[in-house]
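K.L.:
Positions 4 to 106 (the working numbering) are the ones given, in order, by the sequence shown.
Here a beta-carbon is modelled for each residue, glycine too, at the ideal position from N, C-alpha and C.
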Amino acid sequence: MGFLYLATLLVSITGMILLDRRHMLFFWQDARRATVVLATGLVFFLSWDLVGIDAGVFFRGEGPWMTGILLAPELPLEEVFFLTLLCYMTMNVFSAFTKVVKK
Numbered sequence: 004m005g006f007l008y009l010a011t012l013l014v015s016i017t018g019m020i021l022l023d024r025r026h027m028l029f030f031w032q033d034a035r036r037a038t039v040v041l042a043t044g045l046v047f048f049l050s051w052d053l054v055g056i057d058a059g060v061f062f063r064g065e066g067p068w069m070t071g072i073l074l075a076p077e078l079p080l081e082e083v084f085f086l087t088l089l090c091y092m093t094m095n096v097f098s099a100f101t102k103v104v105k106k
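1. Among the residues of its own chain, which have a CB less than 8 Å from the CB of L9, if the five just before and after it don't count?
2. Report buried or exposed for D52, applying the criterion of at least 16 other Cβ atoms within 10 angstroms of its Cβ.
3. Which residues bound the beta strand (DSSP E) around L73?
4. Given that a residue counts as buried once 16 or more other Cβ atoms are within 10 Å of its Cβ, and exposed if not, what is F30?
5. Going by DSSP, name the residue or residues bridged to L78.
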């Protein structure tokens with residue numbers, strides 16, 4: 004049960020990849036640009052989290068569905084995958100919206 008949240012995030016990321024592939028949204032249009040955008044988003048949001056943790060604003064949630072693996076104090080492993088999903092979903096939604104508006 005300790006990997007349930009991580010497994011859910013991985014399934015969701017897989018869904019984003021399948022949607023991207025099926026509709027040629029972002030990575031399948033320009034993989035290099037998509038990698039830079041995704042990495043930039045991850046660095047930004049992880050930095051944001053670390054600043055918030057340092058300021059005492061963000062805290063790690065406890066639960067039996069989490070792995071308990073910490074990358075830094077108050078920064079669970081799952082956060083990286085959540086932020087990846089968030090950035091990827093944003094890229095896909097933006098690309099889909101752009102395709103619809105161009106039609």
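P.N.:
In brief:
1. M69, T70, L80, E81, F84
2. buried
3. 73-75
4. buried
5. A75
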